[in-house]
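Residue numbers (this note's numbering): 14 to 310.
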């Protein structure tokens with residue numbers, strides 16, 4: 014089974030002026046991320062606006078990223094659905110498209126019980142042969158997968174990773190301990206802190222704009238250079254804050270636009286940032302020296 018480690022970008026989905034998926038920009042974006050040293054890519058997560066996309070668009074984005082990455086880094090596809098049958102279908106398709114894994118939120122509307130959550134993930138696992146990254150994001154999913162439940166989910170064959178998107182960084186150690194090492198943890202919000210607690214990766218939004226720097230954060234921690242890693246993290250905290258909160262999609266897209274990669278506006282009902290937000294994005298780009306550069310044709 015695949016071994017996922019490092020900083021993986023939770024990718025935005027580029028849209029053109031008409032609101033359609035912008036495939037050429039997506040391809041350029043994939044190349045730049047990989048050439049910048051990112052360790053993996055995850056399209057069609059919350060930042061990728063999967064909930065605002067048609068089934069055909071989801072398939073297009075997944076295939077484009079998988080094909081463009083061409084095995085250079087692992088690609089996990091977001092396959093979240095409220096209906097377990099739909100999540101199975103999306104996950105099977107992602108595997109057939111060549112995905113290295115899938116990332117799956119729990120059902121987010123029906124407020125499932127622990128037994129129902131276990132059934133959901135076990136059913137998906139039984140249908141595919143690639144790893145599942147369980148995605149815990151109680152702020153948006155209406156469900157909190159606490160460490161004891163995550164330990165139970167770790168008994169499912171393909172549930173080997175979790176993106177832990179709470180501010181309780183101690184959950185990293187609790188999940189590792191309670192699952193007896195079966196469930197590897199990716200931080201979802203607190204990258205540096207999660208690494209220090211023992212996370213094997215960071216499923217990161219900030220690496221949309223700073224893939225090289227966020228990948229280096231992992232490398233520094235793994236090398237035991239914590240002082241350097243802390244300094245790097247602290248320098249980029251203003252950017253981390255900028256792409257957090259309710260406007261995380263709009264903020265991330267504004268940051269990329271300020272760097273010279275227009276990726277379109279978020280889809281309604283999300284709104285793009287106003288003038289103040291756009292100006293703040295430009296200041297961050299200047300202060301941090303962020304830029305887009307690719308060499309792949």
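Yeah, the Cβ is synthetic: ideal placement off N, Cα and C, and Gly gets one too.
Separation of residue j from residue i, as counted between CA atoms
i, j, result
"residue 209", "residue 199", "12 Å"
"residue 185", "residue 174", "11 Å"
"residue 242", "residue 203", "13 Å"
"residue 299", "residue 268", "11 Å"
"residue 112", "residue 248", "34 Å"
"residue 108", "residue 143", "7 Å"
"residue 28", "residue 56", "14 Å"
"residue 47", "residue 61", "18 Å"
"residue 32", "residue 280", "8 Å"
"residue 156", "residue 294", "32 Å"
"residue 115", "residue 136", "14 Å"
"residue 38", "residue 59", "19 Å"
"residue 272", "residue 262", "16 Å"
"residue 189", "residue 288", "44 Å"
"residue 151", "residue 201", "12 Å"
"residue 254", "residue 138", "35 Å"
"residue 146", "residue 191", "17 Å"
"residue 100", "residue 230", "33 Å"
"residue 224", "residue 30", "26 Å"
"residue 162", "residue 149", "11 Å"
Counterpart residues of residue i in DSSP-defined beta bridges
i, result
"residue 62", "Paired residue(s): none; residue 62 is not in a bridge."
"residue 216", "21"
"residue 55", "23"
Selection from the options that minimises the alpha carbon distance to residue i
i, options, result
"residue 282", "35, 260 and 38", "260"
"residue 74", "84, 35, 100 and 47", "35"
"residue 256", "225, 171, 219 and 270", "219"
"residue 233", "206, 253, 264 and 254", "206"
"residue 166", "132, 60, 212 and 224", "132"
"residue 72", "304, 26 and 226", "26"
"residue 305", "183, 221 and 191", "221"
"residue 16", "100, 291 and 197", "197"
"residue 265", "217, 244, 65 and 246", "217"
"residue 169", "302, 130, 82 and 91", "130"
"residue 226", "104, 148 and 252", "252"
"residue 66", "82, 91 and 286", "91"
Extent of the continuous alpha helix (DSSP H) run through residue i
i, result
"residue 208", "204-210"
"residue 302", "Taken as a continuous stretch (DSSP letters only), residue 302 belongs to no alpha helix (DSSP H), as it is neither H nor E."
"residue 233", "224-235"
"residue 90", "Residue 90 -> not in any alpha helix (DSSP H); beta strand (DSSP E) instead, spanning 89-91."
"residue 137", "127-140"
"residue 266", "261-271"
"residue 16", "Counting along the chain, residue 16 falls outside any alpha helix (DSSP H), and DSSP gives it neither H nor E."
"residue 78", "68-82"
"residue 161", "160-166"
"residue 106", "97-110"
"residue 251", "239-255"
"residue 187", "184-191"
Span of the beta strand (DSSP E) around residue i
i, result
"residue 177", "172-177"
"residue 22", "19-23"
"residue 197", "197-200"
"residue 147", "145-149"
"residue 32", "Taken as a continuous stretch (DSSP letters only), residue 32 belongs to no beta strand (DSSP E), as it is neither H nor E."
"residue 117", "114-117"
heavy atom of the ligand ZN below 7 Å from residue i C-beta
i, result
"residue 38", "This structure lacks the ligand ZN; in fact it carries no ligand of any kind."
8 Å Cβ cutoff, residue i in contact with chain D
i, result
"residue 226", "No chain D appears in the structure shown, which is made up of a single protein chain."
contact_flag[the stretch 14-23, the stretch 48-55] where n(CB pairs < 8 Å) is 3 or more:
yes
Kindly confirm or deny that the stretch 111-125 and the stretch 87-100 touch, where touching means at least three C-beta pairs closer than 8 Å.
yes
Touch test, the stretch 74-91 against the stretch 38-45, Cβ-Cβ under 8 Å, three pairs minimum
yes
How about the stretch 234-241 and the stretch 258-277: do they share at least three Cβ pairs that are nearer than 8 Å?
no
For the stretch 124-144 against the stretch 175-194, are there 3 or more C-beta pairs whose distance is under 8 Å?
no
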